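Quick note: the sequence shown uses full-length UniProt numbering, first residue 1, plus one each step. Ideal Cβ positions, reconstructed from N, Cα and C, are used throughout, including at glycine. Computed from a predicted model, the values in this text were never measured in an experiment. Take a look at the structure below.
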Amino acid sequence: MSEEEQGSGITTGCGLPSIEQMLAANPGKTPISLLQEYGTRIGKTPVYDLLKAEGQAHQPNFTFRVTVGDTSCTVLFLP
Numbered sequence: 001m002s003e004e005e006q007g008s009g010i011t012t013g014c015g016l017p018s019i020e021q022m023l024a025a026n027p028g029k030t031p032i033s034l035l036q037e038y039g040t041r042i043g044k045t046p047v048y049d050l051l052k053a054e055g056q057a058h059q060p061n062f063t064f065r066v067t068v069g070d071t072s073c074t075v076l077f078l079p
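Structure (structure tokens):
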């Protein structure tokens, strides 16, 4: 997860499977739950920092910096 990432098109950039591949292999799990499980496996809790919240109240967009150990990336979350 070393490159900038957005929405569900997250790629890891370091030889790990894409989020689409991980979700397909783990039906019913969200990207956040997969990240939490990954952090647990490697002994590093993910840290989420809200960088920006924008958009209309009924359709907000959030940009987060997610850090797991020494790796961090920017993620756009569209609820």
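Taking 7 angstroms as the threshold (C-beta atoms), are residue j and residue i in contact?
| i | j | result |
| --- | --- | --- |
| L76 | T63 | yes |
| V68 | K52 | no |
| L34 | P46 | no |
| V66 | Y48 | yes |
Using only the alpha-carbon positions, how far apart do residue i and residue j sit?
| i | j | result |
| --- | --- | --- |
| G55 | C73 | 22 angstroms |
| S18 | D70 | 19 angstroms |
| K29 | Q21 | 12 angstroms |
| N61 | L50 | 11 angstroms |
If we define contact as Cβ-Cβ less than 7 angstroms, is residue i a contact residue for chain E?
| i | result |
| --- | --- |
| N61 | In the structure shown, chain E cannot be found, because there is only a single protein chain. |
(request) Just list the beta strand (DSSP E) runs in the UniProt domain "DRBM" (30 to 79), keeping only unbroken ones of 3 residues or longer that don't cross its boundaries, in chain order. (result) 47 to 56, 59 to 68, 71 to 77
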